[in-house]
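>
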Amino acid sequence: MERIPILKMGQFLLVTIQVDMHDRLALTLQDDLTNRIVKTGARGVLIDISSLEIVDSFIGRVLGNISTVAQILDAQTVVVGMQPAVAITLVELGLSLTGVRTALNVDAGMALLQHSIGLPPGENSDHGQS
Amino acid sequence: MPLTGASKIADILEQNEAELLQEWQTELTTSDMLRRDLIRQGEFDQQCAEFLRLMRSAVQHQNLTDVQAPEWSSVRQFLASICRSRVQQGFTPSEVALFVFSLKKPLFTRLRQALLQQGDIFAEAIADITTLLDHLGLWTMEVYQKAREETIQRQQSELLELSTPVVKLWDGILALPMIGTLDSTRTQIVMESLLQQIVETGSQVVILDITGVPTVDTLVAQHLLKTVAAARLMGTDCIISGIRPQIAQTIVHLGVDLSAVITKATLADAFAIALSQQGLKVAPKS
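Residue numbers (the numbering used here), protein chains in the order written: chain X, 45 to 174; chain P, 2 to 287.
#1: So, helix, strand or coil for X/M53, using DSSP?
#2: List, from N- to C-terminal side, the alpha helix (DSSP H) runs of 4 residues or more that fit wholly inside the region 178-209 of chain P.
#3: Only counting runs of 4 or more residues, tell me where the alpha helix (DSSP H) segments fall wholly within the region 18-72 of chain P, in order along the chain.
#4: Beta carbon of X/M126, beta carbon of P/L183: below 8 Å?
#5: For chain X, is any of its Cβ atoms less than 8 Å away from the one on P/T237?
#6: Could you please tell me which residues of the region 99-122 of chain X, in chain order, have their CB closer than 9 Å to any CB of chain P?
#7: Tell me, please, which residues DSSP counts as bridged to P/A176.
#8: Who does P/Q129 pair with in a DSSP beta bridge?
#9: With a threshold of 8 Å on Cβ separation, who are the neighbours of P/T251 within its own chain once the five nearest residues in sequence on each side are excluded?
#10: For P/F52 and P/F79, I'd like the C-alpha separation in whole angstroms.
#11: Measure from the C-beta of P/K169 to each C-beta in chain B and report whether the shortest distance is under 8 Å.
#12: For P/E72, which of P/C84, P/L65, P/A59 and P/A81 has the nearest alpha-carbon?
#13: Can you confirm whether P/L225, when its beta carbon is compared against all beta carbons of chain X, has any partner nearer than 8 Å?
#14: Which bits of chain X does P/Q205 rub up against, with CB to CB less than 8 Å?
#15: Could you tell me which chain X residues have their CB closer than 9 Å to the CB of P/M192, listed as they occur along the chain?
#16: Whole angstroms is fine: what's the gap from P/L139's alpha carbon to P/M179's?
#17: Could you pull the DSSP bridge partners for X/T60 from this structure?
#18: Please list, in chain order, the chain X residues whose beta carbon lies closer than 9 Å to that of P/Q197.
#19: Do you know how far the Cα of P/S287 is from the Cα of P/L175?
#20: The alpha helix (DSSP H) that contains P/S95, what's its start and end?
#21: Report the option in P/S75, P/G243 and P/G173 whose CA atom is closest to the CA atom of P/R57.
#22: X/Q147 lies in the beta strand (DSSP E); which residues open and close that run?
#23: Helix, strand or coil for X/V123? Go by DSSP, reduced to three states.
#24: Going by CA-CA distance only, name the one from P/L226, P/A284 and P/S103 that's closest to X/S140.
#25: Would the region 68-85 of chain X count as touching the region 141-150 of chain X if we require 3 or more Cβ pairs under 8 Å?
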């Protein structure tokens, strides 16, 4: 069965969604992610949806659920790279994903996660004005 | 051919065209409803003569009741072109309609002279000519209205293009000065261009400035909150600035909850907050 790979990066889990999400795939991702958080004791989850063109209300809700579940397991969730069209669709659907943190790109998302668990920004982080 | 009102009208137009034109122009010129400063004399004379000529050939078909019929199409087109040019020259609707209606009086005078002895045909002819000129007058109104609506639509689309600039204030800080009333179409365009700019510039903070928005009702507030929510979904913080005292009161009266958004009175305050969120500050040079 098709699965979305979950990568471990230090204390965080990294998920990059590069295929069209259908409902079963979303539920599988939710299961897998929950198991991985418990197994690895991860402190943060970063979900990159920058190549996702279509997000319907179900996927939106699954993203919200993942965030809530991760919160219970003491992990922060950041959703990064949402496309403008997707953002407009979600708002029009009345899903503003309250409780889900968002960031513009993976860089900003990583910085947000590190900040939220009280880590200093990583050495290779190129944030802050030069 | 039996003598009817319609055929008599055709005869009169045929035989007395020059005199009718003369009388009609006098009628138009003396009426104080027509502003002669808006149109040149030559153009005006030419329009009158051309209209009368087209009338004459259309009346030959003796169909005075249905101006939508094919034999009237050249008259209708000519009237439409006159109307359009008069709309642009700034004539009022009454002045445009008067162009047609003022033809009644000279025609009635001629008919009375010609049909002095034949009362019933005279009455028939009067009824015919009234119907005809009324229809033509209404037609000018329709064209006038349509020309006006086209102008309004063109201006609306121009306004849409004008009014949605997204300004980059600093690296990572965008500003969106909103001007004019916000409706659904405009908010949609504003939202799309804002989100597009966020992606292109990778900005972390957006300042929505509503100094130029005259009134805020529940709909406008809802549009604002939607824009904020969409920007937040993309990972950008929003600050709303430029809230005037009356608008602040209106928002509270309406029960709109803006507590999830940072709000500031002026764009300068919002910019200061945005800078400090980015870890920047403005300091004196020395």
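All C-beta atoms, glycine included, are put in the ideal place defined by N, C-alpha and C.
In short, the structure shows the following:
#1: strand
#2: 185-202
#3: 18-31 and 42-60
#4: no
#5: yes
#6: V122
#7: P/V168 and P/I208
#8: At residue 129 of chain P the sequence reads Asp, which differs from the Gln that was named. Answer is none; P/D129 lacks a bridge partner.
#9: T216, V217 and D218
#10: 7 Å
#11: Any reference to chain B falls outside this structure, whose protein chains are X and P.
#12: P/A59
#13: no
#14: L148 and A152
#15: P128, A131, I132 and V135
#16: 42 Å
#17: X/D92
#18: P128
#19: 28 Å
#20: P94 to F102
#21: P/S75
#22: Here residue 147 of chain X is Ala; the residue named in the question, Gln, does not match the sequence. Run containing X/A147: R145 to A147, per the beta strand (DSSP E) assignment.
#23: strand
#24: P/L226
#25: no
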